[in-house]
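> Provided herewith is a single structure, encoded as structure tokens, for subsequent inquiry.
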């Protein structure tokens, strides 16, 4: 008899790349299922029904935002929104997050929804290695918007951003200023497992 709970991880590469670590640490208590990278929030919505059909999760842990906040270097437009108007983009991002949560809440099996905050970026490193830009100031604004949604909807919050900051951003991020080093992945995985354990033990 399998008494393990099902945990569905939905997020960008910062979640996909720690799945093996999370699976190992939760092997005695949970079956961990992960989607491909959700990329930006509109892509998340477009593919969510397919991802939800893979399992009946008790816990959903989700994140998105790093792709939503990417900017075209020449025009400074948010790449997936074709505008430089941050407030308009944040309004759409908030609406998309609410749509995602609405879909989760249709699933009877889901008992807990955890939101993981967007991890930090180092602007200069990112600018030197990428052909488009991400800015820490946008990370802060998107996290503030997402936290308002999470608190309004009664979600549990795991502050991944703070976990990386506390562990030393420059040690956690690769030279591209956004992806995680092995140390960063270890920090994120352990922190995520602690957040999930807190939910399981309730």
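Numbering (my numbering), first residue to last: 1281 to 1482. Where a beta carbon is used, it is the ideal one built from N, C-alpha and C, also for glycine.
Given 8 Å as the limit, is there contact between the stretch 1380-1395 and the stretch 1432-1447, that is, 3 or more CB pairs closer than that?
Yes: the two stretches touch, three or more of their Cβ pairs being nearer than 8 Å.
> Alpha carbon to alpha carbon, what distance is there between residue 1341 and residue 1479?
Answer to the nearest angstrom: the Cα atoms are 11 Å apart.
> Excluding sequence positions up to five away, which residues of its chain have a Cβ less than 6 Å from the Cβ of residue 1361?
Here residue 1361 has 1369 as same chain residues with Cβ atoms under 6 Å from its own Cβ, once five neighbours each way along the sequence are excluded.
> By DSSP's criteria, residue 1393 is part of a beta bridge. Which residues make up the other side?
1340
> Per DSSP, residue 1326 forms a beta bridge with which residues?
Residue 1326 is not bridged to any residue.
> Using CA atoms only, rank isn't needed, just tell me which of 1418, 1388 and 1387 is closest to residue 1402.
1418
> Which residues in the same chain as residue 1463 place their Cβ atom closer than 7 Å to its Cβ, once the five residues preceding and following it in sequence are excluded?
Only 1451 and 1452 meet the Cβ criterion.
> Over what stretch of residues does the alpha helix (DSSP H) that includes residue 1380 continue unbroken?
Where residue 1380 is concerned, the enclosing alpha helix (DSSP H) stretches over 1366-1384.
> According to DSSP, is residue 1435 part of a helix, a strand, or is it coil?
When DSSP states are grouped into helix, strand and coil, residue 1435 belongs to the coil group.
> Name the two residues that bound the continuous alpha helix (DSSP H) containing residue 1468.
1462-1480
> In the structure shown, what three-state DSSP assignment does residue 1301 receive?
helix
> In whole angstroms, what is the alpha-carbon distance linking residue 1338 and residue 1384?
When rounded, the distance between both Cα atoms is 11 Å.
> Measuring straight from C-alpha to C-alpha, what distance separates residue 1321 and residue 1422?
12 Å
> Out of curiosity, what's the CA-to-CA distance linking residue 1378 and residue 1386?
13 Å
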